[in-house]
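Visitor: Quick note, the sequence shown lines up with residues 2 to 610 if you use the working numbering. Glycine is no exception: its CB is placed at the ideal position from the N, C-alpha and C atoms. Mind looking over this structure? Questions follow.
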Amino acid sequence: MDPALAQRCADIARDLTIPALLHRNATEHPDLPALSSLGSPETLTWRQLRDEIAVVSRGLADLGLSSGDRLLIMMSSRPEHWIVDLAAAHLGAVPSTVYATLSTDQLRYLARHSRAEIVVLENQAALERWQPILDEVPEIRRVVVVDAENTGDTDRVVSLRQVAVRGSAAHQADPAAFEKAWREVRPDQPVTLLYTSGTTGDPKGVVLTHHNVIYQTVVMRHTIDTPDHTESLAYLPLAHIAERVLGVYNPIYRAGHVTICSDPAQLLAGLVRIRPVSFFGVPRIWEKMVAGVQGQLAAADPQVKAAVDMAREVALQVYRLRGAEQPVPAELAAKHATLDAQVLKPLRARLGMDDMLWAGSGAAPIPVEVLDYLASIGIDVLEVWGMTETTGTATINTPEHFRTGSVGRPNGGMEIRLAEDGEILVRGPLVCAGYLRADGGIEPVTDADGWLATGDVGVLDDEGFLTITDRKKELIINSSGKNISPAQIENLLRAHPLIAQAVAVGDRRPYVTALIVLDEEIAPLWARSKGLPSSAIAELAGDPVLIAEIEAAVAVANAKLSRPEQVKSFRILSRSWTPETGELTPTLKLRRRVIQERYAGEIGALYGG
2 MDPALAQRCA DIARDLTIPA LLHRNATEHP DLPALSSLGS PETLTWRQLR
52 DEIAVVSRGL ADLGLSSGDR LLIMMSSRPE HWIVDLAAAH LGAVPSTVYA
102 TLSTDQLRYL ARHSRAEIVV LENQAALERW QPILDEVPEI RRVVVVDAEN
152 TGDTDRVVSL RQVAVRGSAA HQADPAAFEK AWREVRPDQP VTLLYTSGTT
202 GDPKGVVLTH HNVIYQTVVM RHTIDTPDHT ESLAYLPLAH IAERVLGVYN
252 PIYRAGHVTI CSDPAQLLAG LVRIRPVSFF GVPRIWEKMV AGVQGQLAAA
302 DPQVKAAVDM AREVALQVYR LRGAEQPVPA ELAAKHATLD AQVLKPLRAR
352 LGMDDMLWAG SGAAPIPVEV LDYLASIGID VLEVWGMTET TGTATINTPE
402 HFRTGSVGRP NGGMEIRLAE DGEILVRGPL VCAGYLRADG GIEPVTDADG
452 WLATGDVGVL DDEGFLTITD RKKELIINSS GKNISPAQIE NLLRAHPLIA
502 QAVAVGDRRP YVTALIVLDE EIAPLWARSK GLPSSAIAEL AGDPVLIAEI
552 EAAVAVANAK LSRPEQVKSF RILSRSWTPE TGELTPTLKL RRRVIQERYA
602 GEIGALYGG
């Protein structure tokens, strides 16, 4: 993006807030559809959505929520989630969606760290799960339960319906109060708080402002050429930065129509019904799509398969020429247009992607082979890169300018440079306000010159395209884009005396596994106490009694972890690790790269390889 256009985006976003945009939509586009749920006939228009938000906003104010207060939401993707979140934002409060997969210990940490005074939960089962936390965190003054008509303990627990009834009465009595509250919200105020995994295991609360999220949507509009008022599919959790931007803030800015897909199993059906013009998928989504297409073609008539193979070969030639920004010969272009219309577009229609103008992938690396296959059927999936701290995308590939295998060039207004060790540093309007401190303050994430050290290592080519080559910080990003702290998992596993070392594995993979090294002093003693025939480490690694003990240790650790973090399988190694054998540093830290390379076979076996 050229500097003039970046300045224009900055000018557009400068004075806007999310409540101001909702007011605009309800005023200028009152009857356009705003929010639906897949499989439900009900749709809220922009006027209706804002009316619902006003009522709940006044109800939350009646519970004591005010500007600057934090509110935690643990709810599935459903219209009430959007309404509660945006109702809090209209008060200047800071909503924070938390993953429902978090363990009780993790939820307790977030409750204490956020100092949230109100928690919104989905149903009675969620309330029961939170009860131990509520008993220990008295600062949570009120709990709102969505799927409950009435609650017994009205002093602390109320239903969302009760909140709405009180809010409706307050709004009817004084409608000006709602208008006054949202008009006092400033662009530099927080609009959401998202917790992301830290390298030490404690999540970090990333504070994003109205300006952060709106600037992202403005830049997207001027970078990717898609029309306003289009329909999109929201399927990721709202605790994920991608869904925050694409499922909440971008549709508000573009006055689009969001259809919520709360069941991941219905994603394909949702795509086929909606046929979105743009779609963002984490790598696992695209990998499953490729596997599905390959399975269909394997069972297809040989003539059909031959026609598809020929069309794919031509499409891939065109894709590679475009990626190199070289002209496509007229004869090749004509052949591609014919084959695409006759062969590939019907294939894409089965995936709901025949109207796609932009498809993106991010949150984790995606194999180039997957990108090439998708391109060969006419779906150009373009990688982006960023993090919660950069409000999602900091770099982006576009249909006009992309390099397969790279994550694109800096988003409009963003600057990127590489530190001496190759770490990627970013600066610009998408960098968050900072991390929430336990005392309620905000800790800056940048240095004195405004640079954010991302923890990722990369290289920049002569045309400014960035390629990620390594990760400086020790975080696992699984194939669904979930950030996972290996240190936290490993510390929990090593709590068992039999385990000397543990390495959590799962980067770019669908689930977490572990390599486990027995304690060479304690394991033989334990074996003799159990009357096992051998106390040698090499033989104990395969002993059923010891394996059962380690299974129990893994189960104990898993009970303290969220579902994505839990260890699904493990391998007990037959020898110890020392600095001399190469797996440990002289200070006994893990050499992760050495371990990954040395035990590639064992790791592959844990994933069925």
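(1) How many Å lie between H619 and L437 at the Cα?
(2) Go ahead and pull the three-state DSSP assignment for G293.
(3) Can you give me the C-alpha to C-alpha distance between D3 and L375, rounded to a whole angstrom?
(4) Report the rounded CA-to-CA distance for E137 versus R472, giving the unit in angstroms.
(5) Would DSSP call T200 helix, strand or coil?
(6) At which residues does the alpha helix (DSSP H) containing Q132 begin and terminate?
(7) Quick check: Y250 and I19, are their CB atoms within less than 8 Å of each other?
(8) Going by C-alpha to C-alpha distance, which of D422, P411, H82 and I378 sits closest to I54?
(9) If we count Cβ pairs, one from each stretch, closer than 8 Å, do we get three or more for the stretch 73-81 versus the stretch 101-115?
(10) Please report the residue range of the alpha helix (DSSP H) in which T224 lies.
(11) Comparing alpha-carbon positions, which option in M357, I261, P204 and V309 lies nearest P228?
(12) Measure the beta-carbon distance from L161 to V144 and round it to whole angstroms, keeping in mind my assumption that it falls under 8 Å.
(13) Going by DSSP, what residues sit across from S279 in a beta bridge?
(14) Classify Q597 as helix, strand or coil using the three-state DSSP reduction.
(15) By how many angstroms is the C-alpha of G482 removed from the C-alpha of E140?
(16) Locate the alpha helix (DSSP H) running through V147, then write down its first and last residues.
(17) Which value, in whole angstroms, describes the spacing of the CA atoms of V95 and Y608?
(18) Measuring only the C-alpha atoms, how far is L135 from T102?
(19) Looking at the structure shown, is A256 part of a helix, part of a strand, or coil, going by DSSP?
(20) Counting C-beta neighbours from all protein chains within 10 Å, is the total for P411 16 or more, i.e. buried, or is it exposed?
(21) At a cut of 8 Å, does the stretch 380-391 reach the stretch 300-319 through at least three beta carbon pairs?
(22) What number of angstroms, rounded off, separates the C-alpha of T201 from the C-alpha of G296?
(23) Are the Cβ atoms of L467 and A558 separated by less than 8 Å?
(24) Quick check: the stretch 422-441 against the stretch 255-262, are at least 3 beta-carbon pairs closer than 8 Å?
(25) Looking at the unbroken beta strand (DSSP E) that takes in Q502, where does it start and where does it end?
(26) Of all the options L574, K289 and V408, which has the alpha carbon lying nearest to the alpha carbon of L519?
(27) Give every residue of the same chain whose Cβ lies closer than 7 Å to the Cβ of R276, excluding the five residues on either side of it in the sequence, and list them in chain order.
(28) Considering only residues of the same chain and omitting the five flanking positions on each side of V99, which have a CB-CB separation below 8 Å?
(29) Would H230 be called buried (16 or more neighbouring beta carbons within 10 Å of its own) or exposed?
(30) Between which two residues does the alpha helix (DSSP H) containing G93 stretch?
(31) With a threshold of 8 Å on Cβ separation, who are the neighbours of Q267 within its own chain once the five nearest residues in sequence on each side are excluded?
(32) Give me the Cβ distance between D457 and I425, rounded to the nearest whole Å; I'm assuming they're in contact under 8 Å.
(33) Per DSSP, which residues does T394 bridge with? Please list them.
(34) In the DSSP assignment, the alpha helix (DSSP H) including I380 goes from what residue to what residue?
(35) Using CA atoms only, rank isn't needed, just tell me which of K205, R351, E288 and L547 is closest to N484.
Guide: Concretely, from the data shown:
(1) Because the chain spans 2 through 610 in this model, residue 619 falls outside it and cannot be assessed.
(2) helix
(3) 30 Å
(4) 37 Å
(5) Since pLDDT at T200 reaches only 44, below the 50 mark, its modelled position is unreliable, and the value read off the structure follows with that caveat. In this structure, T200 counts as coil in the three-state DSSP scheme.
(6) Q125 to E137
(7) yes
(8) H82
(9) yes
(10) H211 to T224
(11) M357
(12) Not really, about 11 Å apart at Cβ, beyond 8 Å.
(13) W359
(14) helix
(15) 33 Å
(16) Element bounds for V147: n/a, residue is neither H nor E.
(17) 40 Å
(18) 18 Å
(19) coil
(20) buried
(21) no
(22) For T201, the pLDDT reaches just 47, beneath the cut-off of 50, and the residue's location in the model is therefore unreliable, although a value from the coordinates is still provided. Approximately 41 Å between the Cα atoms of the pair.
(23) no
(24) no
(25) I500 to V506
(26) L574
(27) G353, D355 and D356
(28) L73, I74, M75, L108, L111, Y196 and A240
(29) exposed
(30) Per DSSP, G93 belongs to no alpha helix (DSSP H) and is neither H nor E.
(31) L39 and G40
(32) 5 Å
(33) G387
(34) Run containing I380: none; DSSP gives neither H nor E here.
(35) K205
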